[in-house]
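Enquirer: Starting off with a structure, shown below.
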Amino acid sequence: MDEYIDIVDENGRFTGQTVLKSEAHLNGWFHNTIHVWLYAPNGDILLSQRSAQKIIFPLLWDVSAAGHVDSGESIANAAKRETLEELGLELSDQELKPIGVYKHLSTYDDGRIKDYEFHYAHIAPLKVELNNLVLQEGEVDAVKLVSHNQFIELLEGSPDNMHFVPSNGNYYKLILEQVAKAVKN
């Protein structure tokens, strides 16, 4: 879906410009996205398999729920909306914990997609069984829970096993640290 998004500068400040997502990707304009990482009480992390229909990294495993922040939408509302759309899971403001903003610059599809984003990352507890999640067709093909150690093993083998999005290795390690802290508290 090609929604309207707000453009930000390289420091994350709003420019006042609103464009279609496709225009931002074509021109390499910075914009905001959300990432929601869900974790079980034992610290297992929910991974979502990107749909086979995706242009970028189809069938690779990634963040539990993610998406673009619509024009005029708050970061928290975008996080809750995307989690509901992609997984059928409602989160409250109290469950959603912001953990940082990560600048991401990548070019895909032979330079036709310039993905210059600020990922507003959150963690939240997963309080339902996997079979109660409703996966959004065209976005998520499957979900699974992996332990901290399994995540590390998959990440370390990712160049060969094509399990994770290759450019996100350091980011994934930061997420693992944050989930480990949340489980201890």
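Add 28 to a position in the sequence shown, counting from 1, and you land on the number used in the numbering used here.
Backbone N, C-alpha and C define an ideal beta-carbon position, used for all residues, glycine too.
If you're wondering where the values come from, they're calculated on a predicted model, not measured in any experiment.
For the segment 174-182 against the segment 70-86, are there 3 or more C-beta pairs whose distance is under 8 Å?
Expert: Taking 8 Å as the limit for Cβ pairs, the verdict is that the segment 70-86 does touch the segment 174-182.
Enquirer: Could you check which residue in A106, E184, Q164 has the C-alpha nearest to that of Y148?
Expert: Residue mapping note: residue 148 aligns to position 120 of the sequence shown, counting from 1. Comparing Cα positions, the closest option is A106.
Enquirer: Could you check where the beta strand (DSSP E) with A149 kicks off and where it finishes?
Expert: Against the sequence shown, residue 149 aligns to sequence position 121. Unbroken beta strand (DSSP E) run through A149: 141-153.
Enquirer: Put K49 into one of helix, strand or coil per three-state DSSP.
Expert: Reading the sequence shown from its first residue, position 21 is the one you call residue 49. DSSP places K49 in helix when its eight states are reduced to three.
Enquirer: Please classify T43 as buried or exposed, where buried requires at least 16 neighbouring CB atoms within 10 angstroms.
Expert: The sequence position of residue 43 within the sequence shown is 15, counting from 1. Exposed.
Enquirer: Which residues in the same chain have their Cβ closer than 8 Å to the Cβ of A170, if we skip the five residues on either side of it in sequence?
Expert: Translated into positions along the sequence shown, residue 170 becomes position 142. Closer than 8 Å at the Cβ level, and outside the excluded window around A170, lie S76, Q77, L163.
Enquirer: Take the Cβ of T61 as the centre, count every other Cβ of all protein chains shown within 10 Å, and call the residue buried at 16 or more, exposed below.
Expert: Here residue 61 is taken as the residue at index 33 of the sequence shown, counted from 1. Classification of T61: buried, given that the 10 Å Cβ count is 16 or more.
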